[in-house]
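Counting from 1, position 177 in the sequence shown corresponds to residue 177 in UniProt numbering; the numbering is continuous, with no gaps.
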Amino acid sequence: MKATIYEGNKTFTVIDKEIEQPSNREVRIKVAYSGVCGTDVHIYHGMMDKRVAMPQTIGHEMSGIIDAVGTGVTGFSVGEKVVVRPLDDRKVKASDKGFNHICEELKFIGIDSPGSMQQYWNVPAFVLHKLKAETDLKLAALIEPLSVATHDVRRSGLVKGETAVVLGGGPIGLLVAMVAKEVGAQVIISEVNPKRIAKAKELGFDAVSPLELDLVEYVKSKTENRRADVVFEVAGVQPALDVMCEVAGIRGRILMVAIHGEKKPVDLFKFFWKELSLIGARVYEKEDYEKAIELITANELPFEQMITDVQPLTNIQQVFENIDNNPDGLKVLMDCQL
Numbered sequence: 001m002k003a004t005i006y007e008g009n010k011t012f013t014v015i016d017k018e019i020e021q022p023s024n025r026e027v028r029i030k031v032a033y034s035g036v037c038g039t040d041v042h043i044y045h046g047m048m049d050k051r052v053a054m055p056q057t058i059g060h061e062m063s064g065i066i067d068a069v070g071t072g073v074t075g076f077s078v079g080e081k082v083v084v085r086p087l088d089d090r091k092v093k094a095s096d097k098g099f100n101h102i103c104e105e106l107k108f109i110g111i112d113s114p115g116s117m118q119q120y121w122n123v124p125a126f127v128l129h130k131l132k133a134e135t136d137l138k139l140a141a142l143i144e145p146l147s148v149a150t151h152d153v154r155r156s157g158l159v160k161g162e163t164a165v166v167l168g169g170g171p172i173g174l175l176v177a178m179v180a181k182e183v184g185a186q187v188i189i190s191e192v193n194p195k196r197i198a199k200a201k202e203l204g205f206d207a208v209s210p211l212e213l214d215l216v217e218y219v220k221s222k223t224e225n226r227r228a229d230v231v232f233e234v235a236g237v238q239p240a241l242d243v244m245c246e247v248a249g250i251r252g253r254i255l256m257v258a259i260h261g262e263k264k265p266v267d268l269f270k271f272f273w274k275e276l277s278l279i280g281a282r283v284y285e286k287e288d289y290e291k292a293i294e295l296i297t298a299n300e301l302p303f304e305q306m307i308t309d310v311q312p313l314t315n316i317q318q319v320f321e322n323i324d325n326n327p328d329g330l331k332v333l334m335d336c337q338l
């Protein structure tokens with residue numbers, strides 16, 4: 001079979017390797033599609049070389065079909081369509097308070113251990129989620145990032161009739177906006193990239209550039225001066241941190257979706273003055289995956305338009321180079337059988 005390995009220095013190699021039998025309590029998946037996410041791009045840029053054991057097969061956004069079942073596995077059969085929730089929580093402790101998705105010794109499959117950018121992939125059965133037979137495997141590769149969005153929206157407590165402002169119109173920002181709209185909220189997207197603004201508008205969203213207008217005044221004009229009930233900070237840049245407290249209304253909730261690797265200044269006075277809430281949101285829980293699967297299965301949202309390109313697995317080096325040269329794209333999928 002063919003597998004890809006990251007070797008450092010912005011280098012991926014395609015290799016041939018033996019197909020392995022699944023071990024006890026494992027299944028072997030014939031991987032259909034594997035999406036490229038921002039974390040994968042960070043790995044490509046060498047930003048996670050201290051964490052990723054090279055050479056390493058990466059990838060965690062995927063869909064596939066069970067190809068073989070190891071001993072001790074129940075509830076799964078060859079031929080079933082599945083996705084992987086790539087969280088290895090086998091070292092959970094009492095001090096984690098039952099929040100296995102953010103436990104202290106959590107291992108992320110596809111980063112801390114081999115991932116999905118290969119033709120066949122052996123994984124523990126406990127990370128699997130079943131799909132219906134009619135599920136489109138191409139769209140199913142969006143379930144992992146969509147689960148991030150369903151988790152974010154659930155954590156926010158967003159309800160029908162509220163206003164949500166999404167700061168950042170990249171792939172996760174657009175998925176958050178889709179889920180928020182599905183809840184019944186009014187959604188406004190703030191984005192500086194003209195092509196992403198155009199894409200958001202194409203998807204039916206109210207999308208504006210904070211470089212071209214006063215975002216706070218715009219949101220006020222759309223909400224009878226109430227401002228936002230929920231703000232999703234997805235951009236991960238200081239200007240977003242500066243405006244999030246301004247655009248949030250009284251007792252607004254701010255969801256920290258973006259990953260900030262360094263300490264950043266935040267206007268804490270606004271939290272006191274308006275009784276704001278700041279809520280962290282990291283990866284997802286089982287119910288978030290099931291909600292994402294439900295949305296993908298129903299296929300009533302414009303998920304197909306999130307997929308920018310589909311490339312053969314053997315083109316992996318070119319794919320990452322193209323992403324560097326074309327940062328406007330949304331989601332690139334690897335066809336893992338080509």
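Where a beta carbon is used, it is the ideal one built from N, C-alpha and C, also for glycine. Just so you know, these numbers come straight off a predicted model, no measurement behind them.
{"Asked": "Which residues in the same chain have their Cβ closer than 6 Å to the Cβ of Pro327, if we skip the five residues on either side of it in sequence?", "Found": "none"}
{"Asked": "When DSSP labels each residue in this structure, what does Pro124 get in the three-state scheme?", "Found": "strand"}
{"Asked": "For the putative contact between Ile279 and Arg253, defined by C-beta atoms under 8 Å, what is the C-beta separation to the nearest angstrom?", "Found": "6 Å"}
{"Asked": "Quick one: using the 10 Å Cβ neighbour count with 16 as the cut-off for buried, is Trp273 buried or exposed?", "Found": "exposed"}
{"Asked": "Does the contact criterion of 3 or more C-beta pairs under 8 Å hold for the segment 125–132 versus the segment 181–194?", "Found": "no"}
{"Asked": "Tell me, which residues are paired with Ile65 by DSSP?", "Found": "Lys30, Lys81"}
{"Asked": "Can you give, in chain order, each stretch of the beta strand (DSSP E) that sits fully within the segment 220–305 and has at least 3 residues?", "Found": "228–233, 248–256, 277–280"}
{"Asked": "Tell whether a beta-carbon distance below 9 Å holds between Glu141 and Phe232.", "Found": "Per the sequence shown, residue 141 should be read as Ala rather than Glu. Against a cut-off of 9 Å, the Cβ pair of Phe232 and Ala141 comes out as no contact."}
{"Asked": "Within a Cβ cutoff of 6 Å, which residues of the same chain sit near Gln118, ignoring the five residues on either side of it in sequence?", "Found": "Ala3, Thr57"}
{"Asked": "Is there contact between the segment 222–239 and the segment 158–178, where contact requires at least three CB pairs shorter than 8 Å?", "Found": "yes"}
{"Asked": "Quick check on the DSSP output: the beta strand (DSSP E) that includes Ala3 runs from which residue to which?", "Found": "2–8"}
{"Asked": "According to DSSP, Lys107 sits in a beta bridge with which residue or residues?", "Found": "Asp88"}
{"Asked": "Since Val148 is in the alpha helix (DSSP H), which residue starts that stretch and which ends it?", "Found": "143–156"}
{"Asked": "Residues in its own chain within less than 8 Å of Thr11 by CB, not counting five upstream and five downstream?", "Found": "Gln317"}
{"Asked": "So, at 6 Å on beta carbons, what are the nonlocal neighbours of Val266 in its own chain, with the 5 sequence-adjacent residues on each side left out?", "Found": "Leu241"}
{"Asked": "Rounded to whole angstroms, how far is the Cβ of Phe175 from the Cβ of Leu146, which I believe are closer than 8 Å?", "Found": "Rather than Phe, the amino acid found at residue 175 in this sequence is Leu. Right, their Cβ atoms sit about 5 Å apart."}
{"Asked": "Using three-state DSSP, classify Ile58 as helix, strand or coil.", "Found": "coil"}
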